[in-house]
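One structure is given here, and the rest of the page talks about it.
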Amino acid sequence: MKKKILILGIAFASFTSCKKEEKQVVTEKEMEQQEVSVSSKDCYLYVKAKDTVKLTLVTANGNNVSGDLSYNFFEKDKNSGTVSGMFKGDTLYADYSFQSEGMNSVREIVFIKKGNTLVEGFGDIAEKDNKQVFKDKKTLKFDGSVVLNKVDCK
């Protein structure tokens, strides 16, 4: 009887050892790396008469953005540079590093996303640490004077 139990035990053990499936375990670090690689690219354009604003945004991790922005207003100095910031809800808060008239500058920009548009916010500014910032973001006006429409990226 002991022999039969021993033989059945060995047979059962060898049978179950052959059926082991390899499980792939994904660590938290690997999941974070996968999230970083997920990104999207969106392009926006504002055109009115002879004025143009172009914005290209690359979004990573759902809310971090970077990209390029250029303002070309008729009979005013053109400026173009890079954007770096993040979405908080439907609002984009970013720094715009640009060159105009041969000088490098940084200013804070804020846009509200409404459907397929971005509406630029305006308000009183102050100089802080060599950067133009809004005095009070709560008082920004999104009056629709600059509304960028989503377009196909070229």
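For the sequence shown, our numbering gives the first residue as 234, with consecutive numbering after it. Just so it is clear, CB atoms sit at the ideal spot from N, CA and C, and this is done for glycine as well. If you're wondering where the values come from, they're calculated on a predicted model, not measured in any experiment.
- In terms of Cβ geometry, Gly300 and Val286 do not form a close pair [threshold 8 Å].
- By the Cβ-count criterion, Val280 is exposed, with fewer than 16 other Cβ atoms from all chains shown falling within 10 Å of its own Cβ.
- Note on Ala282: under 16 other CB atoms within 10 angstroms of its CB, so exposed under the neighbour-count rule.
- Sorting Tyr304, Asp284, Lys311 and Ser273 by C-alpha distance to the C-alpha of Ala293 places Ser273 at the top.
- In this structure, the alpha-carbon of Asp369 lies about 15 Å from that of Glu353.
- Within the region 267-315, the runs of beta strand (DSSP E) that reach at least 3 residues and sit entirely inside it are, in chain order, 272-281, 284-293 and 297-305.
- When the beta-carbon positions are compared, Asn305 and Asp284 come within less than 8 Å of each other.
- Checking the DSSP bridge columns, you'll see Glu360 partnered with Gln365.
- Asp328: member of the beta strand (DSSP E) spanning Thr324 to Ser333, first to last residue.
- Where Ser338 is concerned, the enclosing beta strand (DSSP E) starts and stops at Met336 to Lys347.
- Here the alpha carbon of Lys383 sits roughly 26 Å from the alpha carbon of Ser338.
- Within the same chain, and ignoring the five residues on either side of Ala327 in sequence, the residues whose Cβ sits closer than 7 Å to its Cβ are Val298, Val316, Ser317, Gly318 and Ile342.
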